[in-house]
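Residue numbers (our numbering): 1 to 84. Scroll down for the structure; my scribbles are underneath it.
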């Protein structure tokens, strides 16, 4: 049930972004999210590289107890710029 509620919230957010004209742009960097990612995950709010960096940061934070949000944004930006 909780999963369904979270999913509904993500879908509602995607619909709001469509109305605002920002659907398909990353919440993190503002860069376009690849069409294939949006087809697979229509409620995606960031690129795959940014999501992976966020998940790495969350794992690191969980292990160390240290928040590293700034680091994953920098990593995602560097990955995007390098084409990774």
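A virtual CB, placed ideally from N, CA and C, is assigned to each residue, including glycine.
Bridge partners - residue i, DSSP secondary structure assignment
i: residue 25; result: 32
As assigned by DSSP and simplified to three states, the class of residue i
i: residue 43; result: coil
Of the residues the options, the one placed nearest residue i, counting alpha carbons only
i: residue 14; options: 30, 60 and 38; result: 38
i: residue 28; options: 50, 8 and 19; result: 50
C-beta contact flag for residue i and residue j at 7 Å
i: residue 40; j: residue 33; result: no
i: residue 26; j: residue 46; result: yes
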